[in-house]
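There are 2 protein chains.
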Amino acid sequence: MEQIQNIENYLTNVGIKPSYQRMKIYEYLIENMNHPTVEMIYKDLSPHIPTLSKTTVYNTLKLFVDKEITQIITIEDTEARFDADTSTHGHFKCIKCGKIFDFSFDKTNLNIKQIENFDIQQTHLYIKGICENCKNIDKKNN
Amino acid sequence: MEQIQNIENYLTNVGIKPSYQRMKIYEYLIENMNHPTVEMIYKDLSPHIPTLSKTTVYNTLKLFVDKEITQIITIEDTEARFDADTSTHGHFKCIKCGKIFDFSFDKTNLNIKQIENFDIQQTHLYIKGICENCKNIDKKNN
DNA sequence: TTTATAATTGTAACAATTACAGAAATGGAA
DNA sequence: TTCCATTTCTGTAATTGTTACAATTATAAA
Ligand SMILES: [Mn+2]
Ligand SMILES: [Mn+2]
Ligand SMILES: [Zn+2]
Ligand SMILES: [Zn+2]
């Protein structure tokens, strides 16, 4: 209710006309910070917005990315994931359970010499491996 | 000539039967460290191997990745890129000229707390922006 | 040479994404 | 209100990167 009100103002402030679909999709993104795919967003919102088209999900996300209120996570090469948290932070993907975890890192002391005169606009750190929970499950089974 | 000989031995050592196609594709990867796409590899090798199939390029790259002599670079969400340098190193993509630059970074001082008990297998650092050359071109035009 | 196995090829299938044209909604001006 | 222009949304078709699969070809041992 009030959340929607906030979203409406927020979208307006960044120059996006707050249509019902756009508000619902943005609301979904901030309530589900688990880096959803287009498919997940569409599947979950369809019951509540029966007329929703997958094209609208694609168009809306592209608009959000253009206006820089959403970032694309390409940690897997199969399909894109979306994140309403546009701050620079890292992503860990567990190859066992598939879950994607956020983590923060210090990009100031990366000490990168080769590109020090380059103009940096986006920094993405992707780490793959096995999360603590899956590690413990593995231990038990051995 | 001799290069091919080395590649033949190298592939054999990592457990890959060195067919002509596989040797040529691996040779292409180490001679073109510009992180080619499947399309680039296929286009460039086709004239020299007229019977080459794009499926063979896909199959061969998957085999190289499985045997860990090649890594997949997913810096763009459109198509996969391949890198015969499997060491942990960063990639910078210039959004003007599209070129992808390698750089080294010290992953030890990233200071990541949230995933310190996780089992890390791969680390990918992708940075996007404008390279020095394109920056200078921009300056001249303003 | 025969025969089994592995590698390659070409086509079809698939899945994610984009293009596009028509329908619906929106927001003034008359 | 009605009319009209513009924007947004929708559904389908097209496109693109990738994978599945069956048939062909190459390889190598018996
Ligand atoms: Mn995130
Ligand atoms: Mn590289
Ligand atoms: Zn896990
Ligand atoms: Zn450049």
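So the sequence lines, in the order shown, correspond to chains A and B.
Under my numbering, the first residue of the first sequence is numbered 104, with each subsequent residue one higher.
Under my numbering, the first residue of the second sequence is numbered 104, with each subsequent residue one higher.
Even glycine gets a Cβ: it sits at the ideal position worked out from N, Cα and C.
request  = With a floor of 4 residues, list each alpha helix (DSSP H) that falls wholly inside the segment 109-147 of chain B, ordered by position along the chain.
outcome  = Fully enclosed alpha helix (DSSP H) runs of no fewer than 4 residues occupy 123-134 of the segment 109-147 of chain B, in order along the chain.
ask   = What runs of the alpha helix (DSSP H), each 4 residues or longer, lie entirely inside the segment 142-198 of chain B?
value = If only uninterrupted alpha helix (DSSP H) runs of at least 4 residues are considered, those enclosed by the segment 142-198 of chain B are 157-169.
ask   = What residues in its chain sit with their C-beta under 7 Å from that of L132 (chain B), if we drop five residues either side in the sequence?
value = Closer than 7 Å at Cβ, skipping near neighbours: T173, F185, A187.
ask   = Do you know how far the Cα of I128 (chain B) is from the Cα of I144 (chain B)?
value = Roughly 7 Å between the two C-alpha positions.
ask   = Can you tell me whether DSSP reads K231 (chain A) as helix, strand or coil?
value = Here K231 (chain A) sits in strand by DSSP.
key: Beta-carbon proximity check, L228 (chain A) vs F204 (chain A), cutoff 7 Å   = In this structure, L228 (chain A) sits away from F204 (chain A), with a CB-CB distance that is not shorter than 7 Å.
request  = Pair every Cβ in the segment 227-243 of chain B with every Cβ in the segment 216-226 of chain A, then say whether three or more of these pairs are closer than 8 Å.
outcome  = Touching, yes.
key: Boundaries of the beta strand (DSSP E) in which D209 (chain A) is found, first to last residue   = Counting along the chain, D209 (chain A) falls outside any beta strand (DSSP E), and DSSP gives it neither H nor E.
Members of the segment 219-232 of chain B that neighbour chain A once the beta carbon cut-off is set at 7 Å = Listed by position, the residues of the segment 219-232 of chain B near chain A (Cβ gap below 7 Å) are N220, F221, D222, I223, Q224, Q225, T226, H227, L228, Y229, I230, K231, G232.
request  = Could you list which residues in chain A have their beta carbon closer than 7 Å to that of E235 (chain B), in chain order?
outcome  = Under the 7 Å cutoff, chain A gives N220, F221.
ask   = Within 10 angstroms of its Cβ, does T115 (chain A) collect 16 or more other Cβ (buried), or is it exposed?
value = Around the beta carbon of T115 (chain A), fewer than 16 other beta carbons sit within 10 angstroms, so the residue counts as exposed.
task = Return the CA-CA distance between N245 (chain A) and C197 (chain A), expressed in angstroms with no decimal places.
result = When rounded, the distance between both Cα atoms is 19 Å.
inquiry  = Does chain A have any CB closer than 7 Å to the CB of L213 (chain B)?
reply    = In terms of beta-carbon proximity, L213 (chain B) lines the interface with chain A, with at least one pair separated by less than 7 Å.
request  = Rounded to whole angstroms, what's the CA-CA distance from Q171 (chain A) to E130 (chain B)? Just pull it up for me.
outcome  = First, the residue type needs correcting, since residue 171 (chain A) is Glu and not Gln in the sequence shown. CA-to-CA, the gap between E171 (chain A) and E130 (chain B) works out to about 41 Å.
ask   = Around the Cβ of P139 (chain A), are there at least 16 other Cβ atoms within 10 angstroms (buried) or fewer (exposed)?
value = Buried, since its Cβ has 16 or more Cβ neighbours within 10 Å.
task = Give me whichever residues DSSP pairs with D241 (chain A) in a beta bridge.
result = Beta-bridge partners assigned by DSSP to D241 (chain A): none are found.
key: Short CB-CB distance (under 7 Å) between F167 (chain A) and chain B   = Not one chain B Cβ lies under 7 Å of F167 (chain A).
request  = Please name the residue, chosen from B:T181, B:E219, B:K157, B:S190, that lies closest to Q124 (chain B) on a Cα-to-Cα basis.
outcome  = Nearest option by C-alpha distance: B:K157.
ask   = Which residues share a DSSP beta bridge with I223 (chain B)?
value = Residue pairing by DSSP places I223 (chain B) opposite A:G232 in a beta bridge.
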